[in-house]
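Under my numbering, the residue at position 50 of the sequence shown is numbered 433, and the numbers go up by one with no gaps.
Some notes on the structure that comes next.
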Amino acid sequence: MKRYKTLLFDVDDTLLDFHAAQDQALDQLFTSVDIEPTATVKHAYATYNQGLWEKLERNEITRDELMATRFPTFFKEHFGKELANNSLNDRYLQFLANGHQALPGAREVLEDLAARDYELYIVTNGVKFIQEKRLRESKFEQYFKQIFISETLGAQKPS
Numbered sequence: 384m385k386r387y388k389t390l391l392f393d394v395d396d397t398l399l400d401f402h403a404a405q406d407q408a409l410d411q412l413f414t415s416v417d418i419e420p421t422a423t424v425k426h427a428y429a430t431y432n433q434g435l436w437e438k439l440e441r442n443e444i445t446r447d448e449l450m451a452t453r454f455p456t457f458f459k460e461h462f463g464k465e466l467a468n469n470s471l472n473d474r475y476l477q478f479l480a481n482g483h484q485a486l487p488g489a490r491e492v493l494e495d496l497a498a499r500d501y502e503l504y505i506v507t508n509g510v511k512f513i514q515e516k517r518l519r520e521s522k523f524e525q526y527f528k529q530i531f532i533s534e535t536l537g538a539q540k541p542s
C-alpha cells in the first residue's frame with residue numbers, strides 16, 4: 384500500500400473559516416462608512432467579489448485590477464457612491480487579516496498528521512500579509528514545512 388508523506392493544504396475553507404472572516408470584515412467596513420451590513424448587501428458583495436477572483440484565476444484581470452476596482456465598482460453599482468481612492472480596500476484587507484477562526488477539527492487533523500511525521504505544506508491564493516497573519520494568529524503555521532502563497536510566487540492556483 385502506497386502511503387503519501389507530503390500533503391498540501393489550502394487555507395480558506397480548509398483550515399480557516401474564510402466566510403466568517405469575510406463576514407466580520409464586511410461588518411466592520413460597511414459600518415465604518417455608514418452602510419448597514421445586511422445579509423443581502425454582504426451576499427451581493429460576496430457574489431461580485433467571487434466573480435473577480437474567478438476572472439483572476441482565468442487571467443482575465445490582474446491582481447492589481449481586482450484590488451483597485453472591487454470596492455469602487457461595488458459601491459458605485461449598489462449604493463451610487465463614488466470612491467475617489469481605494470482606501471476602503473486597504474481597510475477591508477486589514478479587517479480581513481484579523482479573521483482567523485479555525486474550522487472544526489482542523490487543529491486536531493494537523494496535530495495528528497504532524498505526530499505521524501507527514502510533511503505538510505500550504506498552497507493558497509490570496510493576499511500574502513493576510514494569509515501569513517491569519518496562519519500565525521491561528522497558530523497553524525507551526526505545522527507546515529513551507530507556505531506557498533500565489534502572490535509571492537506570481538501565479539494563481541492551479542498554476
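Even glycine gets a Cβ: it sits at the ideal position worked out from N, Cα and C.
Separation of residue j from residue i, as counted between CA atoms
i	j	result
Glu502	Tyr526	9 angstroms
Ala429	Ala498	37 angstroms
Phe478	Ala451	17 angstroms
Glu491	Gln407	25 angstroms
Gln514	Ala480	7 angstroms
Glu460	Ala489	38 angstroms
Asp393	Tyr431	22 angstroms
Arg519	Glu440	26 angstroms
Ile444	Thr423	26 angstroms
DSSP three-state assignment for residue i, whether helix, strand or coil
i	result
Ile418	coil
Gln484	coil
Arg456	Checking the sequence, you will find Thr at residue 456 rather than Arg. Helix, per DSSP.
Val424	helix
Ile532	strand
Val492	helix
Ile513	helix
Asp410	helix
Tyr504	strand
Cβ separation of residue i and residue j, assumed to be a contact under 8 angstroms, to the nearest whole Å
i	j	result
Leu486	Phe523	No, Leu486 and Phe523 are not in contact; Cβ-Cβ is about 11 angstroms, not under 8 angstroms.
Leu409	Lys425	5 angstroms
Of the listed residues the options, nearest to residue i (C-alpha basis)
i	options	result
His483	Glu460, Ala404, Leu390 and Asp396	Ala404
Leu399	Thr507, Gly537 and Leu496	Thr507
Glu391	Glu534, Ile530, Thr535 and Leu536	It is Leu, not Glu, that sits at residue 391 in the sequence shown. Checking every option, the nearest Cα to that of Leu391 belongs to Ile530.
Phe454	Asn442, Ala427 and Glu440	Ala427
Asp396	Leu471, Ala538, Thr421 and Arg517	Arg517
Val416	Arg519, Phe458, Arg446 and Gly509	Phe458
Phe401	Glu534, Val510 and Ile444	Val510
Arg386	Leu496, Asn472 and Lys528	Leu496
Ser547	Ser470, Asn472 and Trp436	The question about residue 547 has no answer here: the residues shown for the chain are numbered 384 through 542.
Asp473	Gln411, Ala538 and Thr389	Gln411
Ile418	Asp447, Leu471, Asn442 and Ala538	Leu471
Buried versus exposed call for residue i [16 or more other C-beta atoms within 10 Å across all chains shown]
i	result
Gly463	exposed
Phe576	Outside the displayed range of the chain (384 to 542) lies residue 576, so it cannot be described from this structure.
Leu536	exposed
Tyr475	buried
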